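Note sheet for the following structure.
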Amino acid sequence: MNNSPVIQGRLGSLIVTAFFFIAGIVALYDTTSYSDTDSQVFPQTVAIGLILFTSISLITQFLKPSESEGFGSGIWWRRALLIVTMLLACAAMPYVGFLPAGAIAFAGGLIAAMHDRWSARTVLVYWGSGIVVMVAFFTLFKFALQVPLP
Amino acid sequence: MDFGSFLSALTLLNIALALFGVVAGTIIGSIPGLTATMAVAVLVPITFSMEPASALILLGAIYTGAIYGGAYAAILLNTPGTPSAIATTFDGYPMAKRGDGDLAVALACFASVFGGLVGALALLFLAPPLASVALAFGPVEYFWLSIFGLSLIASLSSGNLMKGLVGGAFGMLLSTVGVAEISADIRLTFGSQTMIGGFDVVGALIGLYCIPVLIDLCAVPDRHLKVEEGVQKVRIGEAARIAMKSKFNLVRSSVIGTLVGILPGAGGSVAGLVAYSEAKRTAKPEQKFGEGEPDGIIATESANNATVGGGFIPTLVLGIPGTPPDAVILGALLVQGVRTGPSLFQEGGSIVYTFIYGLLIATVLMLPAGLLIGRYAYKSIVTIPKAVLVPAVGFMTIIGTFAIRNSISDVIIMICLGVFGWVVGRFGFAASPIVLGLILGPIAEQGFVQSWTIGAATNNLTGMFFGRPISQAIVAFTLLTLLVPFMIARKQRKAELEAKA
Numbered sequence: 000m001n002n003s004p005v006i007q008g009r010l011g012s013l014i015v016t017a018f019f020f021i022a023g024i025v026a027l028y029d030t031t032s033y034s035d036t037d038s039q040v041f042p043q044t045v046a047i048g049l050i051l052f053t054s055i056s057l058i059t060q061f062l063k064p065s066e067s068e069g070f071g072s073g074i075w076w077r078r079a080l081l082i083v084t085m086l087l088a089c090a091a092m093p094y095v096g097f098l099p100a101g102a103i104a105f106a107g108g109l110i111a112a113m114h115d116r117w118s119a120r121t122v123l124v125y126w127g128s129g130i131v132v133m134v135a136f137f138t139l140f141k142f143a144l145q146v147p148l149p
Numbered sequence: 000m001d002f003g004s005f006l007s008a009l010t011l012l013n014i015a016l017a018l019f020g021v022v023a024g025t026i027i028g029s030i031p032g033l034t035a036t037m038a039v040a041v042l043v044p045i046t047f048s049m050e051p052a053s054a055l056i057l058l059g060a061i062y063t064g065a066i067y068g069g070a071y072a073a074i075l076l077n078t079p080g081t082p083s084a085i086a087t088t089f090d091g092y093p094m095a096k097r098g099d100g101d102l103a104v105a106l107a108c109f110a111s112v113f114g115g116l117v118g119a120l121a122l123l124f125l126a127p128p129l130a131s132v133a134l135a136f137g138p139v140e141y142f143w144l145s146i147f148g149l150s151l152i153a154s155l156s157s158g159n160l161m162k163g164l165v166g167g168a169f170g171m172l173l174s175t176v177g178v179a180e181i182s183a184d185i186r187l188t189f190g191s192q193t194m195i196g197g198f199d200v201v202g203a204l205i206g207l208y209c210i211p212v213l214i215d216l217c218a219v220p221d222r223h224l225k226v227e228e229g230v231q232k233v234r235i236g237e238a239a240r241i242a243m244k245s246k247f248n249l250v251r252s253s254v255i256g257t258l259v260g261i262l263p264g265a266g267g268s269v270a271g272l273v274a275y276s277e278a279k280r281t282a283k284p285e286q287k288f289g290e291g292e293p294d295g296i297i298a299t300e301s302a303n304n305a306t307v308g309g310g311f312i313p314t315l316v317l318g319i320p321g322t323p324p325d326a327v328i329l330g331a332l333l334v335q336g337v338r339t340g341p342s343l344f345q346e347g348g349s350i351v352y353t354f355i356y357g358l359l360i361a362t363v364l365m366l367p368a369g370l371l372i373g374r375y376a377y378k379s380i381v382t383i384p385k386a387v388l389v390p391a392v393g394f395m396t397i398i399g400t401f402a403i404r405n406s407i408s409d410v411i412i413m414i415c416l417g418v419f420g421w422v423v424g425r426f427g428f429a430a431s432p433i434v435l436g437l438i439l440g441p442i443a444e445q446g447f448v449q450s451w452t453i454g455a456a457t458n459n460l461t462g463m464f465f466g467r468p469i470s471q472a473i474v475a476f477t478l479l480t481l482l483v484p485f486m487i488a489r490k491q492r493k494a495e496l497e498a499k500a
């Protein structure tokens, strides 16, 4: 029996909890630099709460390992492509404008989510509908809603 | 209340404005990133040349439509179209995934109309006495109200309360990032210019709810939503029967929504969460909230639409906006030369009552308009190929997040938060407690700091936090909400042990 997903789930859960614990410590440290008690008291209280909850969570996970699913199945390059192209669009936006940058994100998402075989028809219909959607939303936001899109 | 105002509201122009407002509001509200406040703000300029009552009817209709429209994206894309629809995702998306999206959309419409009517009727009959409720709420009550909202974490954490509390606390920390409102200290930015504006709630909502769904959708070849064979229409009759069966939940949630709407600054998201929490606390053992329970949608949608009428009560009677869209509408009223305040109902009675009747008409019109739009929204989402849906929604998340503050930083934060939400979600840390913390954090902080300051100044911290009757009632409800899931689980375990024996 392959129990690697179970181990991955338990280990990952511990790592994520430890991350939150460290975040609490870092936040607590950051509050020491504030000049005013009023801006200090709330984040300090919450950070202490976070440290407390993560400590209890870590202890309970050691005693009774959590049964989270882990990353599960799925194709990693598709997930990565979607996110990378969205971030790439953000980076390109000030230089190429909103619509071409949005097209980069759209293209990445389309390739990432396309699991069927490409045909001439799907290329035409999917890319065509993408252009229509992007231009429609761009027009709505830029001209009707007066959003200053780059 | 007079019959003349009712007839004034029934003019062809006012009915047309109400219908246009509801349709426009529903469409705008269904787009993630476009909130009810934005919907109202964008359309305010076109009301300047209108009669005050007609302008109010249009703005009220847009507002109520936008609050309802938020449910579409929540149900069909797991992304709240507006923050008011956060709790709609809890059961709406699971329903859509199992093939009941059409039923969920119809239920949301019925609940929204009912809640909207209750809120508008409260505005019509109870405005002056209810407005005094708003004045009875001080900072400590707001603090406890936000803690009451956070107690929902107990019921959202599905078996792992500690992970839920960790998420909630982390969300509250995120809400403090950026420039502190009280002292202008820069908090938790670690020198980053991107973080200095803090986390915008709507952008964070889009990231935490929508991006994980997109990541999961593109990774596997399965269909995005299950489609029931032979079902071609929105299941109106079935939805009406379910709504009738849950009439107590409908009424209670609508009353909660109206009361929360009256409290300045609380808004539809808090109302929806409190109503959801109450519905879950009083649920029957066989009801599985969080797994596609229709009562979850009924509670949230009736409550958030009831805040529309409820929010107008302090706006019109006291001149204090109950919700952010009310603040925009208040501004529009001032431009029109209408002075809100206790005397408005006497001096400007005809305008106010025409508006209230108009709001009632708009809410009724939302039923056919909402069901029709819902039908097409549902059919479009289920029939669009996943390869087009994923990039189209991805594009909408970018443009919607950018539009909030015209900031590319917000878009980057939204994407990074989404990836973070996906990773931690895979290890049992759900997004909802983080979102709850993020939304309720500012309300809690303001109430906490103000109460702390007053308590310290009067040398009576305990009395300040625990000595006021409304605070005591909210604390009691909070404890009840936290303890009931444990008591039910204990009772069930005991019953199972007895059955085995």
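Heads up: the sequence lines are chains W and D, in that order.
Take the first sequence: its letter number 15 is residue 14 in numbering that gives the first Met the number 0, and every next letter is one higher.
Take the second sequence: its letter number 331 is residue 330 in numbering that gives the first Met the number 0, and every next letter is one higher.
Every residue, glycine too, gets a C-beta built ideally from N, C-alpha and C.
Nothing here was measured: the structure is a model prediction, and the numbers come from that model.
Collapsing the DSSP output to three states places G446 (chain D) in a helix. A distance below 8 Å separates the beta carbons of G206 (chain D) and G417 (chain D).
Scanning its chain for C-beta atoms nearer than 7 Å, with the 5 sequence neighbours on each side dropped, one finds around G440 (chain D) the residues G170, M171, S174, T175, in chain order. Per DSSP, M194 (chain D) lies in no alpha helix (DSSP H) segment and is marked neither H nor E.
Straight-line measurement puts the Cα of I411 (chain D) at about 20 Å from the Cα of I185 (chain D). DSSP places V337 (chain D) in the coil class of the three-state scheme, outside both helix and strand. Proximity of chain D to Y94 (chain W) at the Cβ level (cut-off 9 Å) is not reached, the minimal Cβ distance being about 11 Å.
DSSP, read as helix, strand or coil, puts I398 (chain D) in helix. In this structure, L57 (chain D) sits away from L9 (chain D), with a CB-CB distance that is not shorter than 8 Å.
Per DSSP, reduced to three states, the secondary structure at G177 (chain D) is strand. Collapsing the DSSP output to three states places I185 (chain D) in a strand. The alpha-carbon separation between N304 (chain D) and T81 (chain D) amounts to approximately 12 Å. Distance check between G373 (chain D) and each of D:L12, D:A105, D:M94, D:G3 places D:A105 closest, using alpha-carbon atoms only. Two segments are said to touch when three or more pairs of C-beta atoms, one from each, lie closer than 8 Å; by this definition the region 47-63 of chain D touches the region 352-363 of chain D. Under the three-pair Cβ rule at 8 Å, the region 137-151 of chain D counts as touching the region 475-485 of chain D.
Only buried fits W451 (chain D), as 16 or more other CB atoms lie within 10 angstroms of its CB. Rounded to the nearest angstrom, the Cβ distance from A104 (chain W) to T84 (chain W) is 5 Å, consistent with a contact under 8 Å. Excluding the 5 residues flanking it on each side, T88 (chain D) has same chain C-beta neighbours closer than 7 Å at A73, N77, P79, Y208, in chain order. Judged by DSSP in its simplified three-state form, Q286 (chain D) adopts coil rather than helix or strand. Annotation note: the region 61-130 of chain D contains the following uninterrupted alpha helix (DSSP H) runs of length 4 or greater, listed N- to C-terminal: 85-96.
Sequence-distant Cβ neighbours of I397 (chain D) in its own chain, meaning closer than 6 Å and more than five residues away, are V410. Using a C-beta cut-off of 8 Å, the region 90-104 of chain D makes contact with the region 292-307 of chain D, since at least three inter-stretch Cβ pairs fall below that distance. At a cut-off of 8 Å between C-beta atoms, F142 (chain W) does not count as an interface residue with respect to chain D.
Among the CB atoms of chain W, one or more fall inside 8 Å of the CB of R186 (chain D).
With fewer than 16 other beta carbons inside 10 angstroms of its own, Q192 (chain D) counts as exposed. Annotation: the region 72-113 of chain W contains the following complete segments of the alpha helix (DSSP H) (minimum length 4 residues), in chain order: 75-95, 97-112. Taking 7 Å as the Cβ-Cβ cut-off, the region 32-58 of chain W approaches chain D at Y33, S34, D35, D37, S38, V40, F41, P42, V45, A46, G48, L49, F52, T53, I55, S56, given in chain order. Boundaries cannot be given for Y208 (chain D), as no alpha helix (DSSP H) includes it and DSSP labels it neither H nor E.
Residue-level contact by beta carbon fails for F61 (chain W) and chain D, as no gap is shorter than 8 Å. In the three-state reduction of the DSSP assignment, F428 (chain D) falls in the coil class, being assigned neither a helical nor a strand state. By the 16-neighbour rule on beta-carbons within 10 angstroms, W117 (chain W) is exposed.
The residues N77, in chain order, have a CB closer than 6 Å to that of V212 (chain D) in the same chain once the five nearest residues on each side in sequence are set aside. Residue D:L371 holds the alpha-carbon nearest to the alpha-carbon of Y71 (chain D) among D:L333, D:L371, D:A331, D:G118. At a cut-off of 8 Å between C-beta atoms, S191 (chain D) does not count as an interface residue with respect to chain W. DSSP, reduced to helix, strand and coil, places F136 (chain D) outside both helices and strands of the structure shown, so it counts as coil. Along the region 64-92 of chain W, the positions whose C-beta sits under 9 Å from a C-beta of chain D are S65, E66, S67, E68, G69, F70, G71, S72, G73, I74, W75, R77, R78, L80, L81, I82, T84, M85, L86, A88, C89, A90, M92, read in chain order.
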